[in-house]
Amino acid sequence: MPRLFRFCRNAREFAGFGKGRGAKAWHSGGLLDAERGWRHAQRRQKGNPDMSRAATTGIWVIATGVIIAFLYWTRAILAPFALAVFLFLTIEGFATMIDNWTRFLKIGHARIIAILLVLGGFIGFIGLMANGIAEFGRDAGEYETKINGLIQEAYDVVHMTGAPTLQELLFNETGQRFFATIANATGDLSGDVVLILIYVAFLFLAQSGWSLKLDNIFPEAEARTQVREVGEEARRGIESYLWTQTVISALITVLTYGSLLALGVKNALFLSALIFVLNYIPTVGSIVAALVPPLFALVQPSMPVWVPGVPPQDTYIYAGIVLAVVSFWQFSIGNFIQPRMMGESLNLSSLVVLLALAIWGVIWGIPGMFLSAPLTVLMMVLFAQSEGTRWIAILLSSDGNPQGKGGLHGERVTADAAQDGGA
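Here's what the structure looks like:
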């Protein structure tokens, strides 16, 4: 733009319009006024931080929309890969733990043991789920009779007639669409499991070359060190969260299984395994995990002999007792033990956890719900590295310090405070 104005001025002077009426005519044409206006606008934009801030905000909004759209449309590829990365980190966490406990094993041997443990746990979980479904299938007739009775009781309470049966509810148009959705999701999940295992295998194969690639991408030692520190911090946070969540879920599962077994709930092992998985979903998973056993207890064909009351009241009393016991374990461990074990590995606001669950659930579905907390932790760590995006990390954090006391920013703050004190 300035070159255009200089060119026009030179052309004006060359044509003899530098003086007299020609100059006045040129000025009346408004070109010099346009040049002055453009330069004045440039000075105003440089001197006005509000305009720069508004432009930055607009760019952030557009970039966020583009990223969300990209994540949504590529969810079939990125969601399994993200699950594979977190499974890889879980295995690495187990391997590190085994290596620390057994000094005589090399890290390679520890990784093999960790892989076998994770695969064995996964295969065992699939076996438990299959056995539980088969057990429910064997008693399907008794469950159907009990559910039909409950439906009739509900219609009697609201003084309605023509109560439908379970088969009528399941095999109508809505039920068929529901089962079709479940079948499609199950088929997609089966394909994703194979893809996730392939991803994990290639992540282990590519692990040895990451250090060399990082050296080539960041030739400067200072930049390379900073990137390593950020990566290690994000990795430690995610590994700590996954490990702590696994321990918490296992503790709740064991206590719930013992309680369900003592209360006489059928298929207690299947329900406990389901609770173990649901506890990985923040907030909502715990609520659903507390509701699943009482619902199964409600439709259980036969009640234990110790349940007080007479039919049909004993069914609701029994379900209420199961709900109280399961909720007790969820509430006590989730509110007293889990925060102490989590420490600063999560450091996310409760509102942010709930919003992240909803947003990632919309973007990636069920995998996004499972990964919502660790993905948000990763985002918080990355946003905290730049002064321009640190405010986002502060909003995401629970205590206003997105990297905790031991983070990189915490070290910088401590150093600055020490310098100020020395001065």
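Under this note's numbering, the first residue of the sequence shown carries the number 1221, and numbering increases by one thereafter.
We treat Cβ as the ideally placed atom computed from N, Cα and C, and that holds for glycine.
Under 7 angstroms Cβ to Cβ from residue i, same chain only, skipping five residues before and after it: list those, please.
| i | result |
| --- | --- |
| Asp1435 | Arg1444 |
| Ala1275 | none |
| Lys1326 | none |
| Asp1319 | Leu1325, Ile1327 and Ala1330 |
| Leu1336 | none |
| Ala1509 | Ile1495, Leu1498, Asn1499 and Gln1550 |
| Thr1609 | Phe1603 |
| Ile1288 | Ile1583 |
| Val1545 | Ser1479 and Leu1483 |
| Ile1418 | none |
Express the C-alpha separation of residue j and residue i in angstroms, rounding to a whole number.
| i | j | result |
| --- | --- | --- |
| Glu1607 | Ala1613 | 10 angstroms |
| Ile1279 | Gly1554 | 40 angstroms |
| Val1420 | Pro1384 | 48 angstroms |
| Ala1354 | Asp1412 | 23 angstroms |
| Arg1456 | His1379 | 59 angstroms |
| Val1447 | Gln1520 | 56 angstroms |
| Met1523 | Leu1386 | 21 angstroms |
| Thr1365 | Gln1372 | 11 angstroms |
| Ala1334 | Pro1300 | 21 angstroms |
| Phe1490 | Gly1352 | 5 angstroms |
| Ala1283 | Ile1495 | 38 angstroms |
| Leu1389 | Asp1376 | 18 angstroms |
| Tyr1536 | Glu1449 | 55 angstroms |
| Met1599 | Asp1359 | 47 angstroms |
| Arg1323 | Gly1451 | 26 angstroms |
| Leu1462 | Ser1410 | 23 angstroms |
| Ile1311 | Gly1429 | 19 angstroms |
| Pro1559 | Asn1368 | 43 angstroms |
| Gly1340 | Thr1466 | 15 angstroms |
| Val1572 | Gly1361 | 45 angstroms |
| Thr1401 | Thr1394 | 11 angstroms |
| Leu1291 | Arg1397 | 27 angstroms |
| Leu1425 | Gln1605 | 29 angstroms |
| Ala1576 | Leu1511 | 22 angstroms |
| Ser1618 | Phe1556 | 17 angstroms |
| Ser1431 | Val1338 | 26 angstroms |
| Ser1506 | Val1597 | 20 angstroms |
| Gly1357 | Asn1392 | 21 angstroms |
| Thr1381 | Tyr1363 | 22 angstroms |
| Val1286 | Ile1579 | 15 angstroms |
| Phe1438 | Gln1427 | 18 angstroms |
| Pro1622 | Trp1611 | 10 angstroms |
| Ser1570 | Asn1404 | 33 angstroms |
| Ala1350 | Ile1297 | 27 angstroms |
| Trp1321 | Thr1464 | 17 angstroms |
| Gly1313 | Trp1293 | 31 angstroms |
Do residue j and residue i come within 8 angstroms of each other at the CB atom, strictly closer than that value?
| i | j | result |
| --- | --- | --- |
| Ser1460 | Thr1476 | no |
| Glu1203 | Val1601 | Nothing in the structure corresponds to residue 1203, since the chain is present only between 1221 and 1643. |
| Leu1481 | Ala1470 | no |
| Phe1306 | Leu1591 | yes |
| Ala1517 | Val1497 | no |
| Ile1468 | Met1561 | yes |
| Leu1616 | Leu1574 | no |
| Ile1583 | Arg1295 | yes |
| Leu1595 | Val1542 | no |
In chain order, what residues of the same chain have a beta carbon less than 6 angstroms from the beta carbon of residue i, not counting five sequence neighbours either side?
| i | result |
| --- | --- |
| Arg1331 | Ala1315 |
| Leu1303 | Ile1416 and Pro1587 |
| Phe1308 | Val1420 and Leu1423 |
Whose C-beta lies closer than 8 angstroms to the C-beta of residue i among residues of the same chain, with five residues either side of it excluded?
| i | result |
| --- | --- |
| Leu1644 | With the chain covering only 1221 through 1643, there is no way to say anything about residue 1644. |
| Gly1585 | Arg1295 and Ala1299 |
Does the ligand SAH have a heavy atom nearer than 7 angstroms to the CB of residue i?
| i | result |
| --- | --- |
| Lys1366 | For the ligand SAH, the structure offers nothing, since it holds no ligand at all. |
Touching by the beta-carbon criterion (3+ pairs, under 8 angstroms), the region 1332 to 1350 and the region 1500 to 1510: no
Can you confirm whether the region 1468 to 1482 touches the region 1536 to 1552 when touching is taken to mean that 3 or more C-beta pairs between the two stretches lie within less than 8 angstroms? yes
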